[in-house]
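*Asks:* Once you've had a glance at the structure underneath, I'll fire off some questions.
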Amino acid sequence: MINRKKSDFLLWPPLLKGTLVRRYKRFIADVRLRNGHVVTAHCPNSGSMEACSEPGRPVYLSRHHDDPKRRLKYSLEIIDMPTSASPPFMKRAK
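Per the numbering used here, numbering of the sequence shown is gapless, rising by one per residue and ending at 100.
What follows is the structure in structure tokens.
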């Protein structure tokens, strides 16, 4: 049996489901939320991400509405792939 500590698991903030409209300028993505609104989100991976940034792909965002220092109030957290869910970053910052 594997012994795991709580700190071994990635804890996600509350997430909003949406659909990727487009990704542009390396760090920016437009996402259509379930309510139909299109929001602009920060993408923490500056790489091309060609295989997972196709328009129409399901994505999950976190909301940062209470941080006055942020320029964008949403962050792209998960991109839903046909065979897995892929975070757009390698390691989540604390």
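Using N, Cα and C, we set each Cβ at its ideal position, and we do this for glycine too.
Quick caveat, the model's predicted, so the values are computed rather than measured.
#1: State the start and end residues of the unbroken beta strand (DSSP E) segment that holds T25.
#2: Scan the segment 25-92 and note each continuous beta strand (DSSP E) run of 3 residues or more that stays entirely inside, going in chain order.
#3: How about I85 and R63: are their beta carbons less than 8 Å apart?
#4: Excluding sequence positions up to five away, which residues of its chain have a Cβ less than 6 Å from the Cβ of R28?
#5: Given this structure, state the Cα-to-Cα distance separating C49 from K75, to the nearest angstrom.
*Replies:* Reading off the structure:
#1: 21-30
#2: 34-39, 44-48, 64-69, 80-86
#3: yes
#4: D36, P61
#5: 17 Å
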